[in-house]
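*Asks:* Count the sequence shown with the working numbering and you get residues 6 to 226, in order.
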Amino acid sequence: AGATAYNRGQILYRIAEMLEGRRDQFIAEVAAAGETASTVDAAIDRWVWYAGWADKLAQVYGNANPVAGPYFNLSAPEPTGVVGIVAPPDSALLGLVSVLAPVIVSGNTAVVLAAEERPLPAITLAEVLATSDLPGGVVNVITGRVAETAPWLAGHMDVNGLDLTGVADLDLATSLERDAAENLKRVTRPAATPVDWFTEPGIDRMVAYLETKTVWHPKGV
């Protein structure tokens, strides 16, 4: 959150280059999970797409508001804070990139619970992030059983948002959402139908974990 939007974009572009450099490794890892090379290429393209939004999001999501009175009224987006993410189990790399990149491009930090059955691409991505210019602690990847680890994320008072996209058990998702309400976390519930991760993304995931700060300033006489 402390980096400028332009700098954040440059860091994310560099990560995309590093992902490209380890393309063959990622292809081998997703192949073990029954996925094709096209998911790796799509994941890299998706990362680049989100990187391009870093210095544009505030222009699209922020605005100057018309008010009655001699004031400037400006609204600007600010990151929510720490977001817990349960990675999608059906797309170990493309799905992961699709939920992680929008969280950090908007200035948040993330704690990612890797896909329980397919954690290897997430671990390799963590290696890429650790050797990039991304500041330490911005993305934290953990592994474990969803039923055991996700409740810890949902109940932690220092976690400000929770993405439950990777929770397949809807009863568990409901329980996690209830736990998240203790400190009014923003929550993204699992999709009601299977997600096609190849579909072009919009800005919904980027703005899901943004707060709007509005400032009033007198125009003067």
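Cβ coordinates follow ideal geometry from the N, Cα and C atoms, glycine included. This one's a predicted model, so the numbers in the text were calculated from it and none came from an experiment.
1. Can you tell me the Cα-Cα spacing of L99 and S180, whole angstroms?
2. In terms of alpha-carbon separation, which member of N145, A69, N78 and N70 lies closest to A106?
3. Since V87 is in the beta strand (DSSP E), which residue starts that stretch and which ends it?
4. Using DSSP's beta-bridge definition, name the partner residues of E216.
5. Sort A127, H222 and A159 by Cα distance to Q30 and report the nearest one.
6. Go ahead and pull the three-state DSSP assignment for F31.
7. May I ask you to report which of helix, strand or coil DSSP gives I147?
8. Could you pull the DSSP bridge partners for A69 from this structure?
9. For L118, which beta-bridge partners are listed by DSSP?
10. Give me the Cβ distance between E205 and V192, rounded to the nearest whole Å; I'm assuming they're in contact under 8 Å.
11. Report the option in V53, G26, P75 and E34 whose CA atom is closest to the CA atom of V102.
*Replies:* The relevant details are as follows:
1. Translated into positions along the sequence shown, residue 99 becomes position 94. Translated into positions along the sequence shown, residue 180 becomes position 175. When rounded, the distance between both Cα atoms is 27 Å.
2. Translated into positions along the sequence shown, residue 106 becomes position 101. Looking at the Cα atoms, N145 is the closest of the given residues.
3. Against the sequence shown, residue 87 aligns to sequence position 82. Start and end: V87 to V91.
4. As a working mapping, residue 216 is identified with position 211 in the sequence shown. E83.
5. Residue 30 sits at position 25 when you count from the first residue of the sequence shown. It is A127.
6. Residue 31 sits at position 26 when you count from the first residue of the sequence shown. DSSP places F31 in helix when its eight states are reduced to three.
7. Locating residue 147 in the sequence shown gives position 142, counting from the first residue. Of the three classes helix, strand and coil, the one that applies to I147 here is strand, per DSSP.
8. Translated into positions along the sequence shown, residue 69 becomes position 64. In the DSSP output, where bridge partners are listed per residue, A69 has L79.
9. Within the sequence shown, the letter at position 113 stands for residue 118. Looking at the DSSP assignment, L118 forms a beta bridge with V91 and I147.
10. The count along the sequence shown starts at 1 and reaches residue 205 at position 200. The count along the sequence shown starts at 1 and reaches residue 192 at position 187. Contact doesn't hold; Cβ gap of about 24 Å is too wide.
11. Within the sequence shown, numbered from 1, the residue matching residue 102 stands at position 97. Among V53, G26, P75 and E34, the Cα nearest to that of V102 belongs to V53.
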